[in-house]
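These notes are about the structure you will find just below.
Protein chains: 2
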Amino acid sequence: MRIAELSRRTGVPIPTIKYYLREGLVPAGERTGPNQAQYGEAHVKRLKLARALVEVGGLSIASAREALRLMFSAGLSELDTIGKAQYAMTPAREYVEDEAWDEAVTEVDELIAKRGWRVKATNPARRTLADALATLRRLDQDDYFELLDSYAETAERLADTEIETVARRGDLDSVAEAVVVWTAVGDTVVASLRRLAQEDRSTRLLGNP
Amino acid sequence: MRIAELSRRTGVPIPTIKYYLREGLVPAGERTGPNQAQYGEAHVKRLKLARALVEVGGLSIASAREALRLMFSAGLSELDTIGKAQYAMTPAREYVEDEAWDEAVTEVDELIAKRGWRVKATNPARRTLADALATLRRLDQDDYFELLDSYAETAERLADTEIETVARRGDLDSVAEAVVVWTAVGDTVVASLRRLAQEDRSTRLLGNP
DNA sequence: ATAATATGGATAGCAATACTTTCCACTATC
DNA sequence: GATAGTGGAAAGTATTGCTATCCATATTAT
Numbered sequence: 000m001r002i003a004e005l006s007r008r009t010g011v012p013i014p015t016i017k018y019y020l021r022e023g024l025v026p027a028g029e030r031t032g033p034n035q036a037q038y039g040e041a042h043v044k045r046l047k048l049a050r051a052l053v054e055v056g057g058l059s060i061a062s063a064r065e066a067l068r069l070m071f072s073a074g075l076s077e078l079d080t081i082g083k084a085q086y087a088m089t090p091a092r093e094y095v096e097d098e099a100w101d102e103a104v105t106e107v108d109e110l111i112a113k114r115g116w117r118v119k120a121t122n123p124a125r126r127t128l129a130d131a132l133a134t135l136r137r138l139d140q141d142d143y144f145e146l147l148d149s150y151a152e153t154a155e156r157l158a159d160t161e162i163e164t165v166a167r168r169g170d171l172d173s174v175a176e177a178v179v180v181w182t183a184v185g186d187t188v189v190a191s192l193r194r195l196a197q198e199d200r201s202t203r204l205l206g207n208p
Numbered sequence: 000m001r002i003a004e005l006s007r008r009t010g011v012p013i014p015t016i017k018y019y020l021r022e023g024l025v026p027a028g029e030r031t032g033p034n035q036a037q038y039g040e041a042h043v044k045r046l047k048l049a050r051a052l053v054e055v056g057g058l059s060i061a062s063a064r065e066a067l068r069l070m071f072s073a074g075l076s077e078l079d080t081i082g083k084a085q086y087a088m089t090p091a092r093e094y095v096e097d098e099a100w101d102e103a104v105t106e107v108d109e110l111i112a113k114r115g116w117r118v119k120a121t122n123p124a125r126r127t128l129a130d131a132l133a134t135l136r137r138l139d140q141d142d143y144f145e146l147l148d149s150y151a152e153t154a155e156r157l158a159d160t161e162i163e164t165v166a167r168r169g170d171l172d173s174v175a176e177a178v179v180v181w182t183a184v185g186d187t188v189v190a191s192l193r194r195l196a197q198e199d200r201s202t203r204l205l206g207n208p
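Protein chains in written order, with numbering that gives the first Met the number 0: chain A, 0 to 208; chain B, 0 to 208.
Right, dumping it as structure tokens:
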């Protein structure tokens, strides 16, 4: 198929497809002439995937490219896949390293130790979490820390179900795809459900019957 | 205090403070002369809060302004507060209304009904969730829907703990502040914990001991 | 066969966002 | 009285994520 059909099949405008090709989110088609190329089902799939990461997952073009590149590079085990997906999906941020930050880092380390989680020191979620906790501290919202444990337990529950589902896949490419999709879109799913449950709970507790 | 101290106390550069004042994220100081104004502790707090929403919560300036405006406008009950916080924090998106979308909307409605959640039809999380589910469908990742229920249960658990903590606050302004902070920063906390737990679970299941 | 349309690829343009910079008349402080 | 800081307005800037325009060639329609 040529670019027009690729566009029709995915709903992505042609100029945007060209842009994604330039940016390496989607691999080039097979050249058949000076200004002709063929795209296949793999391109359709990849394009949909790229769009999902950018639109629903909120990843930047650069992060999405990195995530896709890592996922579908050869020689990765399932284990690598998950770690690298996370790495690619965490945008770089600068952290204010004040007292609140030091305490938050300690808190994260303690939580991980207490839970017995095996997490590499390089996992960027450590810093992201520390940053969020430090922010809460700076806003004098320290009492949220009581909830951390129940949050962690909840996260375990989620991870258990997810890993189980992902591991059920056959080939590595399916695992890779599932991990990428799941990590990115899953955040949105969890966040939305949390908001819905919050409205329900607050209505029950505070609202009229 | 004047702007330099406000900047020192919060770590926000003076030009950025001026920008936030222009954009209405922070109320103007009390004027004492043609080019002089006084800021107080309330300004420090508000500025920190605004920064947290933008930096950690990832809200746009416009969303942050809206969230802050709604939170601290008079005449709101705790209940209004939570609903409006969510509304302000969900950025507007366009949805592709195809078959996958219709099915996803039905799925969301069914889930809410099954759970017995009392959620207004206007809650934007409905659409966000439907969009995410439709995306999964379009990527042929339908088997994730088996997990939805366990996700929903997890979300309930989170919401229970959160509402309990927030409701414990004394005055409405504290509730408002907690809700705003919690909704925005909480997403990041949950997402980070989920990633850490994922790494742990995948290491256990797939990795070497 | 030829006219209209489409293609791939390169380059440039554009709108939105989140700041920064520059000015300026004035104020505070050393 | 010199120097630095202030509030406020306006213009400038860097980045991001597309769009639009060109153009030589290909494909398709007539």
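Think of the CB as a built atom: it goes at the ideal place given N, C-alpha and C, for glycine as much as any other residue.
Consult DSSP for residue i and reduce its assignment to one of helix, strand or coil.
i, result
"glutamine 197/B", "helix"
"glutamine 140/A", "coil"
"arginine 203/A", "helix"
"glutamate 93/B", "coil"
"glycine 56/A", "coil"
"threonine 121/A", "coil"
"alanine 36/A", "strand"
"arginine 167/A", "coil"
"arginine 126/B", "helix"
"arginine 45/A", "helix"
"arginine 8/A", "helix"
"arginine 68/A", "helix"
"aspartate 30/B", "Note that residue 30/B corresponds to arginine in the displayed sequence, not to aspartate. Strand."
"valine 189/B", "helix"
"arginine 1/B", "coil"
"leucine 24/A", "coil"
"alanine 158/A", "helix"
"leucine 132/A", "helix"
Classify residue i as buried or exposed, calling it buried when 16 or more other Cβ atoms lie within 10 Å of its own Cβ.
i, result
"aspartate 170/A", "exposed"
"threonine 121/B", "exposed"
"glutamate 155/A", "buried"
"tyrosine 19/B", "buried"
"serine 224/A", "As shown, chain A starts at 0 and ends at 208. That puts residue 224/A outside it, with no answer to give."
"arginine 92/B", "exposed"
"arginine 194/B", "buried"
"lysine 113/B", "exposed"
"valine 118/B", "buried"
"isoleucine 162/A", "buried"
"isoleucine 16/A", "buried"
"isoleucine 111/B", "buried"
"valine 25/B", "buried"
"glutamine 140/B", "buried"
"threonine 31/B", "exposed"
"arginine 64/B", "buried"
Measuring only between beta-carbons, confirm whether residue i sits less than 9 Å from chain A.
i, result
"tryptophan 181/B", "yes"
"tyrosine 143/B", "yes"
"lysine 113/B", "no"
"leucine 5/B", "no"
"isoleucine 2/B", "no"
"leucine 171/B", "no"
So, does the CB of residue i fall closer than 9 Å to a CB anywhere in chain B?
i, result
"alanine 154/A", "yes"
"glycine 39/A", "no"
"glycine 82/A", "yes"
"threonine 105/A", "no"
"aspartate 108/A", "no"
"alanine 166/A", "yes"
"alanine 120/A", "no"
Going by the beta-carbon positions, is the gap between residue i and residue j smaller than 9 Å?
i, j, result
"threonine 80/B", "alanine 3/B", "no"
"threonine 153/B", "leucine 192/A", "yes"
"alanine 133/A", "alanine 103/A", "yes"
"threonine 131/A", "valine 55/B", "A small correction: the amino acid at residue 131/A is alanine; threonine does not occupy that position in the sequence shown. Their beta carbons are under 9 Å apart, which means alanine 131/A touches valine 55/B by this criterion."
"glutamine 85/A", "proline 123/A", "yes"
"glycine 28/A", "tyrosine 38/A", "yes"
"alanine 225/B", "leucine 69/B", "Chain B is shown from 0 up to 208; residue 225/B falls before or after that span and cannot be answered."
"threonine 89/B", "threonine 127/B", "yes"
"glycine 10/A", "valine 95/B", "yes"
"arginine 125/B", "alanine 99/B", "no"
"alanine 166/A", "leucine 46/B", "no"
"leucine 135/A", "threonine 160/B", "no"
"glycine 185/B", "serine 201/A", "no"
Should residue i be counted as a contact of the ligand GTP given a C-beta to heavy atom distance under 8 Å?
i, result
"arginine 8/B", "You won't find the ligand GTP in this model; it holds no ligand whatsoever."
**Asked** Relative to chain B, which residues along the region 194-207 of chain A have a C-beta separation below 8 Å, given in chain order?
**Response** Look at the region 194-207 of chain A: the residues with a C-beta under 8 Å from a C-beta of chain B are Arg194, Leu195, Ala196, Gln197, Glu198, Asp199, Arg200, Ser201, Thr202, Arg203, Leu204, Leu205, Gly206.
**Contact set between the region 48-74 of chain A and chain B, restricted to residues whose Cβ is under 7 Å from the partner** = Considering only beta carbons, the part of the region 48-74 of chain A lying closer than 7 Å to chain B consists of Leu48, Ala51, Val55, in chain order.
**Prompt:** Listed in chain order, which residues of the region 12-36 of chain B have Cβ atoms closer than 9 Å to some Cβ of chain A?
**Reply:** So the list is empty, because no residue satisfies the distance condition.
**Prompt:** the region 83-103 of chain B: which residues have C-beta closer than 7 Å to a C-beta of chain A, in chain order?
**Reply:** So the close ones are Gln85, Val95.
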